[in-house]
Amino acid sequence: MEMNSANVEAVVKQVLESMLSQPVSAPAAAPAAGGAIPKTAHVAMLTALEHYDVKEFPMPEVGDGDILVKVEGCGVCGTDAHEFKRDPFGLIPVALGHEGTGEIVKMGKDVKVDSAGKPLKLGDKVVTCMIFKDNPDITMFDLNKQNVGGADVYGLLPDDDIHLNGWFSDYILIRKGSTVFNVSDLDLKSRILIEPCAVLIHAVERAKTTGILRFNSRVVVQGCGPIGLICIAILRTMGIENIVAVDGNQQRLDFAKRMGADNSVNFMNHKGIEALSGAVKEAFGGYEADFAFQCTGSPVAHANIYKFIRNGGGLCELGFFINGGDATINPHFDLCSKEITLVGSWVYTLRDYATTFDFLKRAKAIGLPMDDLITHEFPLEQINEAHVTNLKQEGLKIAIVNQ
Ligand SMILES: [Zn+2]
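For the sequence shown, position 349 (counting from the first letter as 1) is numbered 595 according to the numbering used here, and the numbering increases by one without interruption.
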C-alpha cells in the first residue's frame with residue numbers, strides 16, 4: 247500500500263476514533279480459548295553454547311498494560327543460529343525466539359488497541375515488533391523512515407525475574423509499552439513468516455528510493471535462502487516479471503522458480519566471474535540487470551554482484567546482518583564509471599511491518615508457495631534438534647510449533 251499524506255491523515259483519524267470509541271470497562275475475565283491458564287510456563291533457555299534447557303517458571307502477574315500470550319509458534323532465525331553457536335551478544339542464559347506469534351489469553355485493563363490502532367481482545371492472534379523504551383518518538387505514523395535497528399526485541403533480551411522474554415516458549419508476557427500487532431486475519435504459517443518478510447519489505451522500499459526499480463525491470467536476486475526467496479516473492483507481488491536467481495544450491499534455485507524467478511544461474515557451473523556474469527546476462531536474453539539484490543552474507547558475492555548490473559543500474563545490499571568481513575571492489579569500474587546507485591538495508595520500520603501483513607495476503611492470493619518456505623516444524627522440547635537442523639542448512643525456514 248502506498249501511503250500518501252492524505253492516506254496517513256485518514257489512518258491517524260481512524261486510529262484516534264477507534265481509540266476514543268473503546269469501552270472503558272475492564273476486559274471480561276473469560277478463560278482463554280485454549281482452556282484455563284496453567285500455573286507455570288515453559289521457556290527454552292539457551293544456557294550454554296549449542297544447548298537449550300526447557301525451564302519451568304511460575305506464570306507471572308499481568309500488569310494493567312501487559313498482555314499474556316499463549317505461544318503457537320516461532321521461526322528459527324539466522325540471528326538465533328549465531329547466538330546458539332557463539333553467543334555474540336553475550337546474553338546466555340537467554341530466552342531466544344523473535345519470529346513468534348500466539349493468542350492473547352489475558353490482558354491488563356489499560357490494553358485497548360495494538361500499535362496500529364486496531365482493537366485487541368482475548369483470543370486475538372498477535373506478533374510483536376521492537377520495544378522502544380528509550381525512543382518514544384518512534385511511532386507507527388512517524389513519516390521519517392527511521393529503521394528500528396538497535397531497539398530491544400523479545401527473544402534477544404537479557405534474562406530477568408519474569409523470564410518469559412522470548413517466543414521459544416509456551417507463554418510470553420508482552421510488557422507495557424511494547425509494539426504489538428493484531429494479525430488474527432493471517433494463518434499460523436504466515437504469522438511465523440512476518441518478521442523475515444518485513445526485512446524484505448524494507449529492502450524493497452529502500453530499492454524503490456533509487457527510482458530504478460520499475461514494472462519491467464530486469465532484476466537479479468543473489469542468494470536463495472529464505473531472505474532471497476522472500477525477496478523474489480515481493481518482487482512478484484509488485485508485478486516485476488524479469489527475475490534471475492543466483493545461488494550454488496540447485497534445490498534452492500528450483501524453489502526460486504516456483505516463487506516467481508523466470509530463470510536461474512547456479513554459480514557452481516561457472517568458473518570465474520567472467521563466466522558467471524556471462525551466464526547471468528544470457529539468462530536475461532543478452533542484457534545486464536537493471537537492479538540487483540544481494541541476499542548472501544558472503545563478501546565475495548558482494549564484490550561479484552556489480553558485474554551483473556548495467557550502466558546506470560542499482561543495487562540493494564541487505565545480506566550482512568552481522569559483520570561478515572571486508573569486500574574488495576574496484577570503485578572505478580564497479581561504481582563510478584557505471585554510475586551505480588547503491589542502497590544498504592537493515593531491519594525495518596514499524597510501517598514496513600504493517601505493509602508486510604498486506605504483502606502476505608497478496609502473495610497467497612496470486613498463488614506463491616509461501617507456506618512451503620517452512621520446511622521443518624519441531625515441538626518446543628526438540629529445540630536443540632531444530633537448531634542443529636537449521637545449522638545444516640538442509641531446509642529453508644525451521645519453526646518451533648506448539649501443539
Ligand atoms: Zn529474524
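Here a beta-carbon is modelled for each residue, glycine too, at the ideal position from N, C-alpha and C. For clarity, every value in this text was computed on a predicted model and none was experimentally measured.
Give every residue of the same chain whose Cβ lies closer than 7 angstroms to the Cβ of E627, excluding the five residues on either side of it in the sequence, and list them in chain order.
Excluding five sequence positions before and after E627, the CB atoms of its chain that fall closer than 7 angstroms to its own CB belong to V300, given in chain order.
Residues in its own chain within less than 7 angstroms of R421 by CB, not counting five upstream and five downstream?
Cβ within range, chain order: D312.
Rounded to a whole number of angstroms, what is the C-alpha to C-alpha distance between E487 and H288?
46 angstroms
What's the gap between the Cα of Q639 and the Cα of D356?
44 angstroms
Cβ-Cβ distance between L522 and Q540 below 8 angstroms
no
For F303 and I283, I'd like the C-alpha separation in whole angstroms.
Taken atom to atom, the span from the alpha-carbon of F303 to that of I283 is near 13 angstroms.
Residues in the same chain with beta-carbon distance under 7 angstroms from H328, minus the five sequence neighbours each way, listed in chain order, please.
P334, I568
Quick one: is the Cβ of P577 within less than 7 angstroms of any heavy atom of ligand 1?
For ligand 1, not one heavy atom lies less than 7 angstroms from the Cβ of P577.
For K301, report the span of its beta strand (DSSP E) as first-last.
It spans 297 to 304 - the beta strand (DSSP E) in which K301 sits, taken as one unbroken run.
Could you give the uninterrupted runs of the alpha helix (DSSP H) lying entirely in the stretch 441 to 520, keeping only those of 4 residues or more?
472 to 483, 496 to 505
Run through DSSP, which three-state label would R556 get?
Three-state result, R556: strand.
Could you tell me the distance, in whole angstroms, from the CA atom of E534 to the CA atom of V322?
Those two C-alpha atoms are separated by around 35 angstroms.
Backbone secondary structure at D618 - three-state DSSP:
helix
Please go through the same chain and pick out, in chain order, the residues whose beta-carbon is closer than 8 angstroms to the beta-carbon of G494, but skip the five residues on each side of it.
N512, F513, M514
Hey, how far is the Cα of S271 from the Cα of K358?
Any reading at S271 must be qualified, since the residue scores a pLDDT of 41, below 50, and its modelled position is unreliable; no value is offered.
Relative to the alpha-carbon of I440, which residue among L642, F603, P625 has its alpha-carbon at the smallest distance?
Nearest in C-alpha terms to I440, of all of L642, F603, P625, is F603.
Top-ranked residue by Cα proximity to T293, from C582, I629, F461
Taking only the C-alpha atoms, the option nearest T293 is I629.
Exposure label - E307; buried when at least 16 CB within 10 Å
The residue in question, E307, is exposed, as its Cβ has fewer than 16 Cβ neighbours within 10 Å.
Please indicate yes or no: does the CB of H409 lie closer than 7 angstroms to some heavy atom of ligand 3?
Annotation note on ligand 3: not contained in the displayed structure, which lists ligand 1 as its ligands.
Hey, out of F461, L637, H633, A491, whose CA is closest to Q468's CA?
Distances from the CA of Q468 to each of F461, L637, H633, A491 were compared; the closest alpha carbon is that of A491.
Under 8 angstroms between C-beta atoms of N428 and D370
yes
Helix or strand or just coil, what does DSSP make of C541?
coil
Short of 7 angstroms in beta carbon distance, which residues of its chain neighbour S424, apart from the five on each side in sequence? Order them along the chain.
T374, I377
Kindly examine ligand 1 and report whether one of its heavy atoms sits closer than 7 angstroms to the Cβ of P442.
yes
Alpha carbons only, please: which of Q496, G281, S430 is nearest the one belonging to V351?
G281
Sequence-distant residues of its chain with Cβ nearer than 6 angstroms to V399 (five each side left out):
H344, M376
Sort L561, T286, I646 by Cα distance to L314 and report the nearest one.
T286
Rounded to whole angstroms, what's the CA-CA distance from D433 to I473? Just pull it up for me.
20 angstroms
Residue burial classification, D416 (beta-carbon count within 10 angstroms, cutoff 16)
buried
Spatial neighbours of R608 within its chain, please: C-beta separation below 8 angstroms, excluding the five flanking residues on both sides.
Excluding sequence neighbours, R608 sits near T483.
Same chain, Cβ closer than 6 angstroms to A645, five either side skipped, listed in chain order
G319, G321, I438, I620, E623
Kindly identify the DSSP beta-bridge partner or partners of A290.
DSSP output for A290 lists V300 as bridge partner(s).
Could you tell me whether any non-hydrogen atom of ligand 1 is closer than 7 angstroms to the CB of C323?
yes
Do V465 and A538 have their C-beta atoms within less than 8 angstroms of each other?
A contact, by the Cβ cut-off of 8 angstroms.
Host beta strand (DSSP E) of E631 (start-end)
Counting along the chain, E631 falls outside any beta strand (DSSP E), though it belongs to the alpha helix (DSSP H) covering 629 to 638.
Taking only heavy atoms of ligand 1 into account, decide whether any of them is closer than 7 angstroms to the Cβ of E329.
no
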